[in-house]
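Heads up, the thing below is written out as C-alpha cells.
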Amino acid sequence: MEPEPRIGVYICHCGVNIAATVDVEDVAEAAADLPGVVIARDYTYMCSDPGQELIKRDIREHGLNRVVVASCSPRMHEPTFRAAAQQGGVNPYQVEMANIREQCSWVHKNKEKGTDKAKLLVASAVAKAARLGALESREVDVIPGVLVIGGGVAGMTAALDVADAGIHAFLVEKDDHLGGRVADLNRTFPALDSASDLLQPLIERVQTHPHVTVLLNSEVSEVDGYVGNFQVRVSSLGDGETGEPKGESTGASALESIDVGSIVVATGYDVFNPDRKPEFGYSDYPNVITSLEMEDRLAEGDLTVDGRTPERVAFIQCVGSRDIQLGNPHCSRVCCMYTAKQSRLVREMLPDAEVTVFYIDVRTFGKGAEEFYDEARGKGVRYRRGNVSEIYRKRSAPARVVLVAEDTLLGQPIEFEADLVVLAVGMEPREDTSRISQLLKLPRSADGFFLEAHPKLRPVDTAMDGIFLAGCCQAPRDIPDTVAQAKAAASSALIPLIRGFVPVESATAVVDEELCAGCGMCVDVCPYDAPALDELWAVSRINPVLCKACGACAVTCPSKAIRLQHFTAEQVLAQVDALVE
Amino acid sequence: MALKTAKMAEQLELFGCIQCGKCTGGCPVARKTTLNIRTLIYHMLVDSNMDVDAHKELWDCTSCFTCVERCPKDVQPAELIISLRGELVESGRIPETVGTALMGVFRQGNPSGLARQDRELWAEGMEESLARAKQAAQEGCDLLYFVGCIPSYDQRIQPVSRALLRTLEDAGLDVGTLGTQESCCGNEVRRMGEVGLFEMLAEENGELFRSVGARGVVTTSPHCFNTFKNEYGLDEMEVMHYTQLLADLIERGKLTFTKGVVPEGEEGKVVTYHDPCFLGKQNGVYDEPRAVLQAIPGLKLVEMDRNRERSLCCEGGGGRMWVEGTNLEERLAFQRVQEAAETGAEILAVACPFCLLTLEDAVKVQGLDEQLRVMDIMELVDLAWKADSEE
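Quick note, the sequences are listed as chains S and A, same order.
Take the first sequence: its position 449, counted from the start at 1, is 449 in our numbering, and no numbers get skipped.
One rule links them: number in our numbering = place in the second sequence (from 1) + 1000.
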C-alpha cells in the first residue's frame, strides 16, 4: 500500500517568460490548498542548481513523496526534475509537470486569465501526482556487433571505426563491389586527388580487417528486435554475371542471419536523371552529357563529340536540384564544387577552349572551397549568372547545340552556342528509400531523404533507438562531410555496445492476463511490434523494450486489459476532473 | 499609374523567386521585345511602386506559360503579367484593339464582336446535324461539343468545326452542341486581364454545361480546353481536346482509316506537327495528336528539333490575336514555319485555330506556300474520311 501522498509544488518564473503573464505567487498560494500538497513555492528558475536544491531539501525536510513542477514543456526539463527528485529520494516516476509556459504564458496576453489557467493546469498535475505509482528503472544487455548497410565511403568508414574499436561490423552491399558512387569519380575537389587513390586503401582495409565481414550482392531483407538486440536477415541477390565476388575472401557469403546491437544506415543517393527535364534534350543530342559522364571523359582524356574537339564548353548548374516542381527542393551541395573542378580541368586539357558556367548562386562553403573556385576563375573559366532554360539545335549548325538563357546580370536574353554541354546533375533520395524506411521504421523528411532525430543536436541519430545515419542517405554532402558523419555514426552506434547495456523506459504498457481475451487487436495496432500473442495461454504479452508508450494498444483493447503505466485511466481522469471542476 | 507592389507581390507569391532567369531565358518574346518577366518580378519585390503604364511590352506576352513551366520555384511569372494587365484594364488604359475585343465578348459573346445569331454559320451545309446536336443538348446528351468563337465565325476554321461534328456523329457518339447559346470561353479574356468578364463567362457557360448534364465536353481549341479544364471547376465533367477524343476512338477501334490521304500507288506525304502551347506545355497533351496523325495512312510524321516541351510559340495566345505587340517585324511564326520547312515536310499539322491562322499567314509571308501547307489535324482526318467514303 502506497503511503499517503505528500506533494511539493514548484512554480517556475522562467525569468519573465512565465512571470510576466502569470501571477506565479498567486498560483503557488492556490496550489498550497490542494489536497495532498504539503508545500508550494515559486522560484525564478526551477531548472537552475539552486532550484533543484530546493526540491531536494524539501523532500528531506518535509518528507515529500511526490513532486509537481509547473514550468516549461516536459520535453525540455522532465529529465532534469526526475533526476533531482531521484537524488532527493523520490521515485522519478512520481514527478509530474504542468506546462505553464508553452501552453500558457507564451500563448496568452491577459494576466488574470493566464493565472487562472495556470492554476487549473497545476491542480490537474497535482491530481495526477497523487495517483502516480513508483516504477522501477530497468536495463537489458546488448549484442556487441554493428550492421552497416551500404558499402560506399560512408559505410566503409563507419565499419572501420567500429571494427577498430574491437566490435565486429557486418557490411552489407547490394553491388558486387565496394566503393559506392565515389568509384564513378575521376578526381576530387578541392585538392584534385584521384578518387581511386582515396578509395583503394579504404577498400583494402575493409576487406582485410579481422573485425569486418563484407556481404556483397546482398541486401537486408528483415530486421527484428530493438536497440542492443537486433536480429537481421540478409538475402543474397546472386552474384549474377559479374564474375567473382570480391567479398568472398572474407568467407562471409554464406551468412544469412546476423545479430547486432546497433545499425548504421549508409545507403547513399541516386543521381538525377536529366530526361526528367526534357527541355535540355539530354537524350536527343550527343553534345549534352551529365557531370558523371564528364568524369569518365576526363579520366579517359577524351572530350570530343562525334570526333570533334570542342571549342566551346558550357556547364549548367542545379540540374534537378533546388527545383520544387521536380520535387527536389534541396541544394545538392556538391555540384558547384565539382563544376568548378571539371571546368578547371577542361581549361587545363583544352587551353584554347572557351569554358562557361551558367549558374544561379555559387555555393563554395567547404574548407578550401572558395579558394578552389577562385582558382577556377583564375584559370579563365567564365561564370555567367542565369540558368539555362532550354537547349535546341539549329539545322544550320547541326554539330553544335544552342543554349537558350538569360544573362541576368546583363538583363539580356542570350542564345549561346556550345560544342559540349555538361549538366550538373544533383542527388536524389534513392529509389529504394521507402523499402529501407519500412524495414527499419525510419521516418523521412519532406525532401525524401532519411530524417535525423534533431537537425542540429542529433544529426546522426534517428527516431529509432540504435539506428544511425551516415552519408548521403540523410542529405546530399561531399566526401569530407560524409566521412565526418560516418565517424560520428560509428561512435554513436558504439555507445550502447561499449556500455554493455541499454536503459529501458519503465512507463510502458502492461497486460492484465486475467482480463486479456487474446484477441490480438493490440498486436495489429502497435507500430513497434511490441505486443505478441502467447499461443499457449492465449494472452498478449508486451515486450517492454520495444514499447514506446504510445498508448494505442491500451485504447484499442476491448477488454480493457492493457494499462499504460504512468498514464492509467484513473490518473488521466483525475487530471480531467481537476480541470473541469 | 503607380501600382503599390506589396499586395500583388504577396498575392502572387513572388517572394519564392530566386532570379535564376529561366523564365526570361525561355520566354519566346523576350528575344525580340523588351519584355523581361524576371526584371518585372524583381521590380515587384524591391520597389514600392510600379508605373504599369510605362510597360507597353506587357502586351507582348502570349501567355504561352513557358516561364511557368520552367520556374524551379513554382512561381507563376505569367500570372504577374495577367495581373498587371488587369490593373490597366481596371483603369481603362488598354490598347484600343483589346478594348474592342473585350467589348465584343461582352456584347455578342465573341471577341470579333460579330452578331450572336450568326454563331451557327459554321455548320453551313450540315444543318440537319446541327439541329440534331442542338436537340440532343436540350434533352441531355453524353458529350457536349464546344465549338468556340474563332471556329464558329472564321471562314478558315469553320471546315474544322464541321469535320469534327461529323466525325463525332459518325463514331456513334451521343453529341450535343449549344448553337447560339454558346459564349466565348474567356480563356483569352482572362489573359488580357479582364477577370470580371472572365468570371461572368465562366459562370454562364458553366451553368449551361451543367444544365446539359453531359459526362464530357470536347473543344476545337486548346484555349477553350485549357480554361474549362483548369479554371472552370467542372470537376464532374471530363474536359477533352478533340485530339484526345479522336486518339481514344482510334485506340478503341471506333475510328479507322483504310485509304488514307494519298491515292494508292503514290508516295506518302511528310507531315510535321507543331505543339500548341495550351495543349502541350500547359496541359501535357503531346502524344494524342501524334497518335491521330500516325493512324492516317499515307502520312509520315517527322519532328522539328523544337518539339513537345520545347515547341516554339506561334504568338497567337494571350490576347495577341487582338493586339500586335511591340515588334511586328520578327514574328515567331516566321521562325517556326522555316523550322517546319527545314524538316522537308510538305504539311505542317496543327491542332489549334490560332496556330493555324498565324502559321498559315507566316507561310505566305515567308514565300513558303509552294512547299508547305498548314493544316489542322481535323482537316487531315476529314480527307482520310472522304477517301474512305468514296466508294
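Quick reminder that beta carbons are idealized off the backbone N, C-alpha and C, glycines included.
#1: The ligand MG heavy atoms versus the CB of E4 (chain S): any closer than 7 Å?
#2: Residues of chain C with CB closer than 7 Å to the CB of V388 (chain S), please, in chain order.
#3: Of all the residues that make up the segment 386-412 of chain S, which are near chain A by a beta-carbon distance shorter than 7 Å?
#4: Alpha carbon to alpha carbon, what distance is there between G1316 (chain A) and T1358 (chain A)?
#5: Cβ atoms of G225 (chain S) and L497 (chain S): under 8 Å apart, would you say?
#6: DSSP on A254 (chain S), reduced to helix/strand/coil?
#7: Tell me where the beta strand (DSSP E) around I542 (chain S) begins and ends.
#8: Could you tell me the alpha carbon to alpha carbon distance between C1276 (chain A) and C1313 (chain A), rounded to whole angstroms?
#9: Does the pairing of the segment 1006-1024 of chain A with the segment 528-539 of chain S give three or more beta-carbon distances under 8 Å?
#10: List, in order along the chain, the chain S residues whose C-beta lies closer than 7 Å to that of E1309 (chain A)?
#11: Output needed in chain order: residues of the segment 1281-1311 of chain A with a Cβ under 8 Å from some Cβ in chain S.
#12: What's the C-alpha gap between H1043 (chain A) and T1066 (chain A)?
#13: Starting from R312 (chain S), follow its DSSP beta bridges and name the residues at the other end.
#14: Give the DSSP-derived three-state secondary structure of K1386 (chain A) in the structure shown.
#15: Can you tell me where the alpha helix (DSSP H) with S291 (chain S) in it begins and where it stops?
#16: What did DSSP end up calling P201 (chain S) once you bin it into helix, strand or coil?
#17: Taking 8 Å as the threshold (C-beta atoms), are V264 (chain S) and A490 (chain S) in contact?
#18: Can you list the residues of chain S that R1331 (chain A) reaches, using a CB-CB cut of under 8 Å?
#19: Which bits of chain A does D587 (chain S) rub up against, with CB to CB less than 7 Å?
#20: Report yes if the C-beta distance between V68 (chain S) and A85 (chain S) is below 8 Å; otherwise report no.
#21: Which residues in the same chain as C331 (chain S) place their Cβ atom closer than 7 Å to its Cβ, once the five residues preceding and following it in sequence are excluded?
#22: Would you mind working out which of S:Y269, S:W106, S:G327 and S:R131 sits nearest P3 (chain S), comparing C-alpha positions?
#23: If you draw a straight line from the C-alpha of G1104 (chain A) to the C-alpha of F1198 (chain A), how long is it?
#24: By the 10 Å Cβ neighbour count, where 16 or more other Cβ atoms means buried, how is E1278 (chain A) classified, buried or exposed?
#25: Among residues of its own chain, excluding the 5 on either side of A98 (chain S), which ones have a beta-carbon nearer than 6 Å to its beta-carbon?
#26: Between the segment 356-372 of chain S and chain A, which residues of the former have CB atoms less than 7 Å from a CB of the latter, in chain order?
#27: Against chain S, which members of the segment 1362-1373 of chain A pass a CB distance test of less than 8 Å?
#28: Look at the Cβ atom of G386 (chain S), then the Cβ atom of E406 (chain S), and state whether they are nearer than 8 Å.
#29: With a CB to CB cut of under 6 Å and the five nearest residues on each side skipped, what residues in its chain are close to E102 (chain S)?
#30: Could you please give me the residues that DSSP links to N229 (chain S) through a beta bridge?
#31: Of the choices S:V425, S:R395, S:L494 and S:N65, whose alpha-carbon is the least far from that of A129 (chain S)?
#32: Let me know the secondary structure DSSP gives G240 (chain S) once reduced to three states.
#33: Would you say G1213 (chain A) reaches chain S, if we count a Cβ-Cβ gap shorter than 8 Å as a contact?
#34: Alpha helix (DSSP H) containing S1211 (chain A): first to last residue?
#35: Keeping to the same chain, check which residues put their C-beta closer than 6 Å to that of A369 (chain S); ignore five residues upstream and five downstream.
#36: Okay, do the segment 163-180 of chain S and the segment 205-213 of chain S touch, 3+ Cβ pairs below 8 Å being the bar?
So, from the listed chains and residues:
#1: As presented, the structure is devoid of all ligands, the ligand MG included, so that no description of it is given.
#2: This model lacks chain C altogether, as its protein chains are S and A.
#3: G386, N387, V388, S389, E390, Y392, R393, R395, V404, A405, E406, T408 and G411
#4: 6 Å
#5: no
#6: Per-residue confidence for A254 (chain S) stands at a pLDDT of 49, beneath the threshold of 50, marking its modelled position as unreliable; the derived number appears in the next sentence. Note: A254 (chain S) maps to coil in three-state DSSP.
#7: V539 to I542
#8: The sequence given here has Pro at residue 1276 (chain A), not Cys. Cα to Cα, P1276 (chain A) sits roughly 7 Å from C1313 (chain A).
#9: no
#10: P278 and E279
#11: D1305, R1306, R1308, E1309 and R1310
#12: 21 Å
#13: S:E354
#14: helix
#15: S291 to E300
#16: Here P201 (chain S) carries a helix assignment [DSSP, helix/strand/coil].
#17: For A490 (chain S) and V264 (chain S), yes; Cβs fall inside 8 Å.
#18: Within chain S, no residue comes near R1331 (chain A); the closest Cβ sits about 17 Å away, beyond 8 Å.
#19: With chain S covering only 1 through 581, there is no way to say anything about residue 587 (chain S).
#20: No; because the gap between Cβ atoms is not below 8 Å, this pair is not in contact.
#21: Only S321, R322 and R363 meet the Cβ criterion.
#22: S:R131
#23: Annotation: G1104 (chain A) to F1198 (chain A) spans about 13 Å, alpha carbon to alpha carbon.
#24: A small fix is needed here, since residue 1278 (chain A) is Phe in this sequence, not Glu. Looking at its Cβ environment, which holds 16 or more other Cβ atoms inside 10 Å, F1278 (chain A) is buried.
#25: So the list reads A70, L121, V122 and A125, once near-sequence residues are dropped.
#26: Listed in chain order, the positions of the segment 356-372 of chain S with a beta carbon within less than 7 Å of a beta carbon of chain A are I360.
#27: none
#28: yes
#29: S73
#30: Paired residue(s): S:Y226.
#31: S:N65
#32: Any reading at G240 (chain S) must be qualified, since the residue scores a pLDDT of 47, below 50, and its modelled position is unreliable; the value itself is stated next. Residue state, collapsed to three classes: coil.
#33: no
#34: V1195 to V1212
#35: P190 and M337
#36: yes
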